[in-house]
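Below is one structure, written out as structure tokens; the observations come after it.
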Amino acid sequence: MRNFPAFTAATIAAIALASPLAAAQRNGAIAQDFKLTDVNGKTVQLSQFRGKTVVLEWHNPGCPFVAKHYNSGNMQATQTAALQQGAVWLTINSGAKGKQGHMTGVEAKALIAEQKIRSTHYLFDTRGVVGKAYGAKTTPHMYIIDGSGTLVYQGGIDDKPTANVADIKTARNHVLAALKEIKAGDRVSVAQARPYGCSVKYAS
Amino acid sequence: MTSDFRLFSIMLMFAALFLAPAAQAQNRLGNAELNVPATLVAESQQVKAGESVTLAFVMEPKPTWHGYWENPGDAGIGMSFDWTLPAGVTAGTAKFQVPDRLLISGIMNYIYKGDYAVLVTLSLSDAVRPGPLPISVKSEWLSCTDEICVPEQDELSITLQVVGKDASVVPDKKFDGFRAALPRPLGSEGSFAVDGDLFRLSIPLPADIEIDQPYFFILEDGVVDYAAPQTFNRDGDRLILETGARGDGFESISGILKIGDHNGFLVTASKGEVAMTGLPLTGESATNSSEAGTSLLFVALGGAILGGLLLNLMPCVFPILSLKAISLAKAGGNEAVVRRDALAYTAGVVLVATALGAVLLGLRASGAAVGWAFQLQDPRIIFVLLALVTAIGLNLAGLFELPNINFGNKLTRKDGAAGSFWTGALAAFVATPCTGPFMAAALGATIVLPPIAALVIFAGLGVGLALPFLLIAFVPAIRSRLPKPGPWLDSFRKIMAIPMFLTGIGLIWLLGRQIGTDALGLSLVFLLTVSLILWWFGGGQMKDLSRGALTSAAMVAAIVGGIIALPGQEAMKNQKLAHASGATLPSEPFSETRLSELRASGQPVFAYFTADWCITCKANEAAAIQRSETAEAFKAADVAVLMGDWTRPDPVISRFLEKHGRAGVPLYLYYAPGKEPVILPQILTVATLTELVGKAV
Chain A
1 MRNFPAFTAA
11 TIAAIALASP
21 LAAAQRNGAI
31 AQDFKLTDVN
41 GKTVQLSQFR
51 GKTVVLEWHN
61 PGCPFVAKHY
71 NSGNMQATQT
81 AALQQGAVWL
91 TINSGAKGKQ
101 GHMTGVEAKA
111 LIAEQKIRST
121 HYLFDTRGVV
131 GKAYGAKTTP
141 HMYIIDGSGT
151 LVYQGGIDDK
161 PTANVADIKT
171 ARNHVLAALK
181 EIKAGDRVSV
191 AQARPYGCSV
201 KYAS
Chain B
205 MTSDFRLFSI
215 MLMFAALFLA
225 PAAQAQNRLG
235 NAELNVPATL
245 VAESQQVKAG
255 ESVTLAFVME
265 PKPTWHGYWE
275 NPGDAGIGMS
285 FDWTLPAGVT
295 AGTAKFQVPD
305 RLLISGIMNY
315 IYKGDYAVLV
325 TLSLSDAVRP
335 GPLPISVKSE
345 WLSCTDEICV
355 PEQDELSITL
365 QVVGKDASVV
375 PDKKFDGFRA
385 ALPRPLGSEG
395 SFAVDGDLFR
405 LSIPLPADIE
415 IDQPYFFILE
425 DGVVDYAAPQ
435 TFNRDGDRLI
445 LETGARGDGF
455 ESISGILKIG
465 DHNGFLVTAS
475 KGEVAMTGLP
485 LTGESATNSS
495 EAGTSLLFVA
505 LGGAILGGLL
515 LNLMPCVFPI
525 LSLKAISLAK
535 AGGNEAVVRR
545 DALAYTAGVV
555 LVATALGAVL
565 LGLRASGAAV
575 GWAFQLQDPR
585 IIFVLLALVT
595 AIGLNLAGLF
605 ELPNINFGNK
615 LTRKDGAAGS
625 FWTGALAAFV
635 ATPCTGPFMA
645 AALGATIVLP
655 PIAALVIFAG
665 LGVGLALPFL
675 LIAFVPAIRS
685 RLPKPGPWLD
695 SFRKIMAIPM
705 FLTGIGLIWL
715 LGRQIGTDAL
725 GLSLVFLLTV
735 SLILWWFGGG
745 QMKDLSRGAL
755 TSAAMVAAIV
765 GGIIALPGQE
775 AMKNQKLAHA
785 SGATLPSEPF
795 SETRLSELRA
805 SGQPVFAYFT
815 ADWCITCKAN
825 EAAAIQRSET
835 AEAFKAADVA
845 VLMGDWTRPD
855 PVISRFLEKH
865 GRAGVPLYLY
875 YAPGKEPVIL
885 PQILTVATLT
895 ELVGKAV
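From first to last, the protein sequence lines stand for chains A and B.
Numbered per the numbering used here, the first sequence spans residues 1 to 204.
Numbered per the numbering used here, the second sequence spans residues 205 to 901.
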């Protein structure tokens with residue numbers, strides 16, 4: 001409740017920055033800037049990370065496909081690899097109040113501790129403004145923005161659209177591959193892939 | 205306290221997720237726990253070496269749950285199959301039924317809400333030995349409600365029996381239903397283009413195929429923006445779709461053009477130029493935005509009321525109305541009676557118009573292709589209507605007085621209100637065939653609108669029809685301007701019999717077209733009987749004798765007897781056939797028994813399978829089949845022609861096509877006496893056909 005004014009302000013800021021609601025962001029274009037509030041009530045703005053690679057991850061703890069990648073440790077390992085090369089990882093929850101996966105700051109903090117989530121910030125997008133501006137459809141849905149603010153990857157975490165943990169081993173992790181290519185100064189070879197998972201539970 | 209509880213529930217949720225594998229193992233034992241349980245069934249338990257058998261995954265989502273189509277749309281996942289098959293058995297690709305769509309906060313899902321079946325055909329090599337044939341498959345699919353998703357899987361198995369060549373195999377009739385819901389392949393290919401943000405697709409579809417609310421489900425991901433609205437144009441024999449594009453990079457695409465519940469066409473298209481030409485079809489705007497829906501409803505309602513108003517001038521309604529109006533005028537001072545009468549009349553009109561609308565919507569929902577005035581498609585109803593119109597005509601002509609339709613000064617009688625109600629009901633029933641061009645747009649809208657709104661339109665039609673009457677009743681100024689009743693009224697009434705008889709003639713013509721001259725003769729005899737009964741009744745009235753009960757009984761007997769004597773479905777079919785035999789190349793309807801009969805008798809047979817929506821079929825018919833050269837050559841060689849019409853799904857034809865390795869029409873077969881059938885190319889020429897016969901002779 002203490003965070004409420006800050007939260008409201010951030011939401012308004014997000015609307016101001018993200019509107020008009022563009023359809024999905026395009027690869028190769030400057031990614032839409034946004035401001036959201038994290039679990040501690042702190043306002044985080046995308047453009048404050050200029051110069052660094054930023055990974056966006058859409059999250060919903062109740063989704064079995066998200067569970068596949070967290071229960072197996074795959075998502076945390078990807079987060080660790082990103083942080084090690086100096087990237088920023090923003091986990092965004094666009095679940096609306098009353099919908100599956102919506103959490104309060106306290107609940108999210110407990111979840112982060114419990115699952116050892118390594119993201120730089122866990123952000124709330126309760127009104128779905130940022131999610132819709134990015135065209136985020138599923139959880140997980142991944143985006144990578146390079147140091148110049150350009151969107152270089154959007155799509156699924158990997159190429160095995162199943163809920164089966166055993167498939168992680170044989171799948172191509174699109175995010176790890178893209179991060180490696182960015183680090184080496186190469187073009188991202190797979191810049192777009194089909195996202196898979198549950199639908200983002202937006203406020204309708 | 206609350207947050208502790210929430211924390212606890214989150215932990216519980218994760219505990220449940222960790223335990224998920226155990227739960228899935230349980231699912232395998234009894235699939236009753238699945239939200240979209242699957243059952244594997246075979247079309248026949250017996251199968252022969254060298255042949256194939258179709259299996260169905262029968263999916264039965266629990267209430268509020270749904271499963272996904274091959275391409276799930278923005279989110280979700282399709283179905284996967286991991287087969288374990290004995291040597292010599294191969295599984296084909298899965299065939300999915302025409303899906304539904306579900307848009308939740310801008311995320312498009314391609315789903316199945318109700319029960320559905322996924323079909324897979326297994327082919328057996330010649331080497332498979334007789335005996336049991338164990339089949340098992342591990343399948344994964346995603347089950348969702350509007351709120352949550354659960355990945356489900358099951359290991360399904362079935363044991364078939366390989367039987368000898370001579371054993372009989374009885375196919376499961378359920379599969380006819382499963383197949384009927386599969387999309388039918390269009391005979392010809394379309395083309396598509398991606399131009400910046402726009403995706404366009406041109407689908408070959410004959411101009412006379414009725415489509416209500418088309419939607420294109422694309423199979424390939426990354427080409428179109430699933431949630432973007434789809435708009436359709438119709439340009440002659442092409443249907444053009446325009447929607448938002450997502451990306452490029454495909455040389456060919458495929459998908460399902462849905463034109464109704466469980467009714468769709470399999471479309472393939474290759475890259476090309478597509479321009480948005482032709483006239484727009486009312487797309488999905490009406491269902492997608494409630495605002496547009498509301499304005500459409502008002503426009504359509506206005507159209508319906510105006511249409512109903514115009515109906516009053518139609519020959520079939522005008523006589524009833526004009527006399528009713530004058531009788532009202534005659535009531536003069538008694539305001540209350542006039543109003544009560546007008547309201548009763550309005551109630552009759554609105555009730556019948558709405559009821560007819562409801563029946564129409566019901567029939568449509570059950571999949572029948574019916575239009576407004578559908579009641580005139582049934583000859584028995586035309587027949588009754590004919591009797592009714594003639595009786596009214598005779599009544600107007602003065603042959604007898606009908607107690608219920610109040611002319612003269614019986615207005616104050618007790619049955620006035622009931623009489624008015626029935627006059628209204630009758631007016632609405634007879635008026636429907638007159639709706640014609642005025643109503644086309646408004647009635648078209650009822651197809652797009654939700655059922656309740658559609659019923660409002662039908663009611664609006666009734667209100668329009670009753671409107672002049674209401675005006676006369678409630679606005680004394682109008683009433684006072686109506687001509688005063690007098691001796692001229694009697695002549696006017698007799699003249700009004702003429703349009704009534706004209707309507708009768710129209711109905712007789714319609715009846716003749718539907719069932720031929722036999723029915724025509726019958727209906728004329730029937731009309732004479734009706735006239736005689738009524739004449740006798742009228743004679744009684746003049747002498748002040750009550751013959752009402754006897755007359756009613758005689759009329760009922762005449763109508764029931766007439767309907768029984770009326771040739772039914774059989775005759776209608778024959779009439780159609782008579783038309784077919786009037787074609788350049790006459791044909792008989794296809795059936796497997798007729799085919800084997802003809803083959804047994806040593807006659808060469810040309811069998812062709814066509815559908816009204818298949819452009820290639822129509823082109824072939826015009827260019828090669830229905831040509832005098834072909835007809836002469838076939839006649840000379842004594843070739844029997846069988847025609848299978850697949851316009852509506854027909855399980856017999858579907859199975860036959862499948863047996864010949866075709867998923868759809870066209871299929872052209874030539875059976876030379878005593879030889880294996882030859883499958884002709886999909887594009888025919890006169891030469892192909894005539895040479896065929898030349899060789900055979």
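The C-beta atom is built at its ideal place from N, Cα and C for all residues, glycine as well.
Which residues bound the alpha helix (DSSP H) around B:K266? What you label residue 266 of chain B is simply residue 62 of the second sequence in a count that begins at 1. Element bounds for B:K266: n/a, residue is neither H nor E.
Let me know the secondary structure DSSP gives B:P410 once reduced to three states. If you number the second sequence from 1, residue 410 of chain B lands on position 206. The answer is coil: DSSP assigns B:P410 none of H, G, I, E or B.
Do the CB positions of B:L738 and B:F587 come within less than 7 Å of each other? On the second sequence, position 534 is the one that residue 738 of chain B refers to. On the second sequence, position 383 is the one that residue 587 of chain B refers to. No, they are not a contact pair.
If contact means a Cβ-Cβ distance below 8 Å, which residues of the stretch 162-177 of chain A contact chain B? T162, A163 and N164
In three-state DSSP terms, what is B:T616? Translated into the one-based positions of the second sequence, residue 616 of chain B becomes position 412. At B:T616 the pLDDT is 36, less than 50, meaning the model places this residue with poor confidence and gives no usable figure here.
Beta-carbon gap between A:Y122 and A:T91 smaller than 7 Å: Position 122 of the first sequence holds residue 122 of chain A. Position 91 of the first sequence holds residue 91 of chain A. The answer is yes: Cβ separation under 7 Å.
Under 7 Å between the Cβ atoms of A:T138 and B:A279? Residue 138 of chain A sits at position 138 when you count from the first residue of the first sequence. Residue 279 of chain B sits at position 75 when you count from the first residue of the second sequence. Contact flag set, yes.
How many angstroms separate the CA atom of B:F813 from the CA atom of B:W850? What you label residue 813 of chain B is simply residue 609 of the second sequence in a count that begins at 1. What you label residue 850 of chain B is simply residue 646 of the second sequence in a count that begins at 1. Going by the C-alpha atoms only, they are around 7 Å apart.
With a cut-off of 7 Å, does the C-beta of A:Q154 fall near any C-beta of chain B? As a working mapping, residue 154 of chain A is identified with position 154 in the first sequence. With 7 Å as the cut-off, A:Q154 does not count as an interface residue toward chain B.
Measuring only the C-alpha atoms, how far is A:T53 from A:G28? Along the first sequence, read from residue 1 onward, the residue named residue 53 of chain A stands at position 53. Along the first sequence, read from residue 1 onward, the residue named residue 28 of chain A stands at position 28. Taking the straight line joining both Cα atoms gives about 14 Å.
Got a sec? Which residues, its chain only, sit under 6 Å from A:V39 by beta carbon, not counting five neighbours each side? As a position in the first sequence, residue 39 of chain A is number 39, starting the count at 1. Cβ within range, chain order: G105, A108, K109 and Y122.
For B:L665, which of B:A551, B:T325 and B:A835 has the nearest alpha-carbon? Reading the second sequence from its first residue, position 461 is the one you call residue 665 of chain B. For the residues B:A551, B:T325 and B:A835, the minimum Cα distance to B:L665 belongs to B:A551.
With 7 Å set as the bound, which would you pick, yes or no: does the beta-carbon of A:T11 sit closer than that to a beta-carbon of chain B? As a working note, residue 11 of chain A is residue 11 in the first sequence. Because A:T11 carries a pLDDT of 46, less than 50, the predicted location of this residue cannot be relied on, and the following value inherits that uncertainty. So, not an interface residue.
Which partner residues does B:F810 have in the DSSP bridge list? Reading the second sequence from its first residue, position 606 is the one you call residue 810 of chain B. Beta-bridge pairing links B:F810 to B:V845 and B:Y874.
Could you pull the start and end residues of the alpha helix (DSSP H) that A:E181 belongs to? Sequence index remark: in the first sequence, residue 181 of chain A carries index 181 (1-based). H174 to K183 is the span of the alpha helix (DSSP H), which, as asked, contains A:E181.
Return helix, strand or coil for B:Y549, following the three-state DSSP convention. Within the second sequence, residue 549 of chain B is the residue found at index 345, counting from 1. Here B:Y549 sits in helix by DSSP.
How about B:R697 and B:L592: do their beta carbons lie closer than 7 Å? Working through the second sequence from its first residue, we reach residue 697 of chain B at position 493. Working through the second sequence from its first residue, we reach residue 592 of chain B at position 388. Taking 7 Å as the Cβ cut-off, B:R697 and B:L592 do not qualify as a contacting pair.
I need the straight-line Cα distance from A:H141 to B:F379, nearest angstrom please. Within the first sequence, residue 141 of chain A is the residue found at index 141, counting from 1. Within the second sequence, residue 379 of chain B is the residue found at index 175, counting from 1. The straight-line gap from Cα to Cα measures roughly 39 Å.
Would you list the residues sitting across from B:V293 in a DSSP beta bridge? Within the second sequence, the letter at position 89 stands for residue 293 of chain B. DSSP output for B:V293 lists B:L328 as bridge partner(s).
Give me the residue from B:A629, B:L323 and B:S456 with the minimum Cα distance to B:M263. Numbered from its first residue, the second sequence carries residue 263 of chain B at position 59. Checking every option, the nearest Cα to that of B:M263 belongs to B:L323.
Taking C-beta pairs closer than 9 Å, name the residues in chain B that A:P140 reaches, listed in chain order. Position 140 of the first sequence holds residue 140 of chain A. None at all; the shortest Cβ gap to chain B is about 11 Å.
Can you pull out the residues from the stretch 341-362 of chain B whose beta carbon lies closer than 7 Å to at least one beta carbon of chain E? Of the protein chains in the structure, A and B, none is chain E.
Rounded to whole angstroms, how far is the Cβ of B:T558 from the Cβ of B:F403, which I believe are closer than 8 Å? Your numbering for residue 558 of chain B matches position 354 in the second sequence. Your numbering for residue 403 of chain B matches position 199 in the second sequence. Their Cβ separation, rounded to whole angstroms, is 41 Å, which puts B:T558 and B:F403 out of contact at 8 Å.
Could one say the Cβ of A:S72 lies closer than 7 Å to chain B's Cβ atoms, at least one of them? As a working mapping, residue 72 of chain A is identified with position 72 in the first sequence. No, because no Cβ of chain B sits closer than 7 Å to the Cβ of A:S72.
Among residues of its own chain, excluding the 5 on either side of A:Q100, which ones have a beta-carbon nearer than 6 Å to its beta-carbon? For this step, residue 100 of chain A is matched to residue 100 along the first sequence. G62 and K201.
Does chain B have any CB closer than 7 Å to the CB of A:Q25? For the purposes of this step, residue 25 of chain A is identified with residue 25 of the first sequence, where counting begins at 1. With 7 Å as the cut-off, A:Q25 does not count as an interface residue toward chain B.
By DSSP's criteria, B:K378 is part of a beta bridge. Which residues make up the other side? Here residue 378 of chain B corresponds to residue number 174 of the second sequence, with the count starting at 1. Answer is none; B:K378 lacks a bridge partner.
Throw me the rounded Cβ distance for the B:I407 and B:G391 pair, which I believe falls under 8 Å. On the second sequence, residue 407 of chain B is found 203 positions in, with the first residue counted as 1. On the second sequence, residue 391 of chain B is found 187 positions in, with the first residue counted as 1. Not quite, the Cβ-Cβ distance comes to about 12 Å (not below 8 Å), so this is no contact.
State yes or no: is the C-beta of B:Y874 within less than 7 Å of the C-beta of B:R803? Translated into positions along the second sequence, residue 874 of chain B becomes position 670. Translated into positions along the second sequence, residue 803 of chain B becomes position 599. In this structure, B:R803 does not lie closer than 7 Å to B:Y874 by Cβ.
Would you say B:D380 faces chain A, with C-beta separation under 7 Å as the test? Position 176 of the second sequence, counting from 1, holds the residue named residue 380 of chain B. For B:D380, the answer is no, since every Cβ of chain A falls outside 7 Å of its Cβ.
Identify the contact partners of B:D278 in chain A, using a Cβ-Cβ distance below 8 Å as the criterion. Counting from 1 along the second sequence, the entry for residue 278 of chain B is found at position 74. Going along chain A in sequence order, the residues near B:D278 (Cβ under 8 Å) are K137, T138 and S199.
Just grab the DSSP bridge partners of B:I596 for me. Taking the second sequence and counting its residues from 1, one reaches residue 596 of chain B at position 392. Its beta-bridge partners do not exist; DSSP assigns none.
Can you confirm whether A:Q100, when its beta carbon is compared against all beta carbons of chain B, has any partner nearer than 7 Å? By one-based count along the first sequence, residue 100 of chain A stands at place 100. Chain B, which has a Cβ nearer than 7 Å to the Cβ of A:Q100, makes this yes.
Apply the 10 Å Cβ neighbour rule to B:W269 and answer buried if 16 or more other Cβ atoms are within range, or exposed otherwise. Your numbering for residue 269 of chain B matches position 65 in the second sequence. Buried is the call here.
Here's the rule I'm using: 16 or more other beta-carbon atoms within 10 Å means buried, otherwise exposed. How should B:Q434 be labelled? For this step, residue 434 of chain B is matched to residue 230 along the second sequence. Buried: at least 16 other Cβ atoms inside 10 Å.
Contact set between A:A203 and chain B, taken where Cβ atoms lie within less than 8 Å: Here residue 203 of chain A refers to the residue found at position 203 when the first sequence is read from its first residue. The contacting residues are S309.
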